[in-house]
Structure formats: structure tokens, C-alpha cells
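Residue numbers (our numbering): 29 to 410.
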Ligand code: SAH
């Protein structure tokens, strides 16, 4: 998943259509907005004529709280070939894991992973999906002739009664921005503890979060310092908010100044839900003399139960995925010399009020030739 995703630079749960109007990202706003408005008005006439069309009774308010009901998010995920092909290859090239097995697809969306598993020889696949997309998944399963193998169940994993007591395999694409945004991991762990047989497998089964530090003068100027002088007015209060919200965006690998450090590895087949909240120390050593404007977090996932280790990374040195990277800007620019170390710790916790949001605390210090600093910064993924 990529979760309540946007194709642009934030992560606050609006469906793609709405965010395109609000934020720039890589889209050409002006052109897009005009074109979308035009297509929508012409489509409207058709919809009014046939009110029975699926989705015609939905307004943007419905999508605001349930953007997975809209096909746009699924289109973005399916078109992320790094993501979807890795799942497809892991399943097709390892049919021994699926042959005659009962599979549970946690958060099935369009049903794509269930279809892969059915094709790989699964005895039966239960596909649970809570959004309206479940209706489409049912139709897709039928259209493709898999109705006898795949059962789509519409509802929350936490509320569903499965027709079987146990499953052999759990497959899910639960990863959010910064790995943990949206907290769907808890749903996978819930399903694992409720239905997975003792020697059952979870795919993917490993997820790791990494940290590095980058030079990012240009974009920090555009996204953060911008608020200092907006048409001659000081909007510094917004700058404080902008600093708190990590930015989801692609980072050029040339911007990386330090090594990349593993913060946390999670074994989805064994971990407790509480393990998704943690404090991890880091030591980032500069590989050249440069400025540091931000920390960058990214993750990788792997399918270690396959014949050959399979997986993908969402890091800046790998092919871009729809998760991009997560950029956490520093209040002040640091100046670092080659070999100097930026040390500290990152604390990651579920937000108490909204468990789908993630609170991050970064403590860091640099005791360098040109720069001595020791700070704590707080961020919120929301
Ligand atoms: N498996 C699909 C979709 C992944 S996105 C694919 O790979 O393309 C994750 C999906 O999980 C979304 O469609 C979302 O609606 C669904 N989901 C999230 N939490 C859920 C829950 N608690 N119960 C059921 N479905 C859930």
C-alpha cells in the first residue's frame, strides 16, 4: 500500500484528485487542474443519465475518509512496478509456498495479490478488503474465472469471521510512507495471531528502516524558508508546522552526504505489535565535506522464505517507488567534514490519539570542526 497516498509531497489522507489541486509536487498544477475540471464536467452528464453506474452516488466527502475506495490509489500502486512485480515474482517463482495452501490476503484492494496466489496454485484464497474496492475485487475475480478459488470478504480484518479456522500463508502489502504510516502492520499481526497455523508463513516477512543525511539547500529553501517572506509578509508560524511534517519526496542519490544506517529490522512472522514503537541509536559518518539539511528515512522489505532472497528497497539509490523517501528537515543547517559523525537516536511511536499517525523524535549531535550542535526535533507523519 502507500496509503492514503498522494502522488505528491504530503501524506495526509486526501485522495489523489484533491491533493493535485492543493500541492505541486511533480505535477504541472495549472494544466492538470484545468484538464481535470474539463473531463469531469463532461463525465458528469453521463453519470446523471445513468445513476446506477458504480460509484456515481459517491461524493468527494466519501473518498476523503476512505481513499482506498477510489481506483486512483490502486492505479498508482499497481503501476509501481518495483512493488507489484516483486510480489508477482516472489509468488510465481515460489509456487511451492502456495501449491494447495490456504492463503489469506490482508487488505486485498483490487485483489491483485490474491489473483497471483490463485495462479500459483493456492487451494483457496481469502481476500479481505474493507473499502468499497472490495466490490470491484469480487467482480475482477469473477471476470478472470477465479470465483471458485478466491473468496472476497468485504469488511475490516478485525471484524471478519473467516469460514476457516486456520490459513497456511498470509500475504499483504501493508507498508506505508516511512514504513509505518497508517499502521496497517498491526492488522497483519492481528491476522497472523488469529489465523496463521504454527508453521505458517507471512509474505513479505522482513522489513527494515534506514536513515541517512542529505544536502538539500534548494528544496529546503523552497519548502521551508519560503514561509519567511511570502509576498513581503512573515509567515514563519507555518514554517514551524512545515518543519514538523516529514516530506514524502524523491531524493537524488548525489545528495547523500553520510553512510546509510539500519535503524530497525522487523520480522513480521515473529514480532509483537509493540515492536513497531522503538528507539534506535545511529551514527552517520560524513563521506565528504558538505552541508546537511535533512535526515532521510526509507525502508526495504524482503521475502526470505523464497528459493532465492527477493525484495525491494525504497532507498534513494534504488529505482523510485511510489513510497519515494521521507525527508525530515533540520531546524538549522549543519556543516560537516569528511569522517565526522552525526550521532543520535530516533524514537518512533504510534500517535496516542490517532494510531494511524506516527510521532518521531530525533536527537542528534555533531561535534565537528566547523559545527557543534546538539538538538532534539519532533515530527509527525499525519
Ligand atoms: N493488496 C492490494 C492493496 C494494497 S493497499 C495491492 O497490493 O494492490 C492496502 C489495502 O488494505 C487497502 O485497499 C485498504 O483499504 C486495505 N485495508 C487497510 N486496513 C484494512 C483492514 N483493517 N481491514 C481490511 N482491509 C484493510
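Every residue gets a Cβ at the ideal spot worked out from N, C-alpha and C, and that includes glycine.
As the structure is a prediction and not an experimental result, all values here were calculated from the model.
Verify whether the separation of the beta carbon atoms of residue i and residue j is less than 9 Å.
i: residue 344; j: residue 244; result: no
i: residue 253; j: residue 314; result: no
i: residue 230; j: residue 237; result: no
i: residue 329; j: residue 354; result: no
i: residue 373; j: residue 310; result: yes
i: residue 145; j: residue 153; result: yes
i: residue 304; j: residue 213; result: yes
i: residue 405; j: residue 275; result: no
i: residue 338; j: residue 121; result: yes
i: residue 217; j: residue 296; result: yes
i: residue 298; j: residue 308; result: no
i: residue 191; j: residue 331; result: no
i: residue 150; j: residue 197; result: yes
i: residue 8; j: residue 169; result: In this structure the chain extends from 29 to 410, so residue 8 is not present and cannot be described.
i: residue 215; j: residue 177; result: no
Closer than 8 Å to a non-hydrogen atom of the ligand SAH - does that hold for the CB of residue i?
i: residue 158; result: yes
i: residue 335; result: no
i: residue 217; result: no
i: residue 351; result: no
i: residue 402; result: no
i: residue 183; result: yes
i: residue 137; result: yes
i: residue 200; result: yes
i: residue 105; result: yes
i: residue 141; result: yes
i: residue 112; result: yes
i: residue 246; result: no
i: residue 163; result: no
i: residue 98; result: no
Put residue i into one of helix, strand or coil per three-state DSSP.
i: residue 383; result: coil
i: residue 127; result: coil
i: residue 303; result: helix
i: residue 102; result: helix
i: residue 113; result: helix
i: residue 118; result: helix
i: residue 146; result: helix
i: residue 297; result: coil
i: residue 107; result: helix
i: residue 151; result: coil
i: residue 405; result: strand
i: residue 281; result: helix
i: residue 393; result: strand
i: residue 398; result: coil
i: residue 159; result: coil
Residue i to residue j, Cα distance in whole Å?
i: residue 115; j: residue 141; result: 7 Å
i: residue 113; j: residue 284; result: 27 Å
i: residue 160; j: residue 101; result: 13 Å
i: residue 379; j: residue 173; result: 43 Å
i: residue 97; j: residue 382; result: 21 Å
i: residue 410; j: residue 105; result: 20 Å
i: residue 397; j: residue 361; result: 15 Å
i: residue 306; j: residue 395; result: 25 Å
i: residue 241; j: residue 370; result: 9 Å
i: residue 278; j: residue 155; result: 32 Å
i: residue 162; j: residue 393; result: 48 Å
i: residue 340; j: residue 261; result: 45 Å
i: residue 376; j: residue 219; result: 23 Å
i: residue 143; j: residue 239; result: 35 Å
i: residue 83; j: residue 227; result: In this predicted model, residue 83 has a pLDDT of only 49, less than 50, meaning its place in the structure is not dependable; the value taken from the coordinates is given anyway. Computed Cα separation, rounded: 42 Å.
i: residue 125; j: residue 334; result: 8 Å
i: residue 294; j: residue 201; result: 15 Å
i: residue 402; j: residue 302; result: 29 Å
i: residue 181; j: residue 203; result: 21 Å
i: residue 269; j: residue 408; result: 10 Å
i: residue 364; j: residue 348; result: 28 Å
i: residue 194; j: residue 388; result: 36 Å
i: residue 316; j: residue 366; result: 4 Å
i: residue 189; j: residue 319; result: 55 Å
i: residue 123; j: residue 117; result: 10 Å
i: residue 321; j: residue 175; result: 53 Å
i: residue 386; j: residue 210; result: 8 Å
i: residue 234; j: residue 259; result: 48 Å
i: residue 107; j: residue 352; result: 14 Å
i: residue 171; j: residue 95; result: 24 Å
- Query: Can you give, in chain order, each stretch of the beta strand (DSSP E) that sits fully within the region 315-381 and has at least 3 residues?
  - Reply: 318-331, 338-341, 353-364, 369-378
- Item | Entirely enclosed beta strand (DSSP E) segments - the region 163-195, minimum 3 residues | 178-182
- Item | Minimum length 4: unbroken alpha helix (DSSP H) runs contained in the region 192-273 | 213-223, 245-251, 264-272
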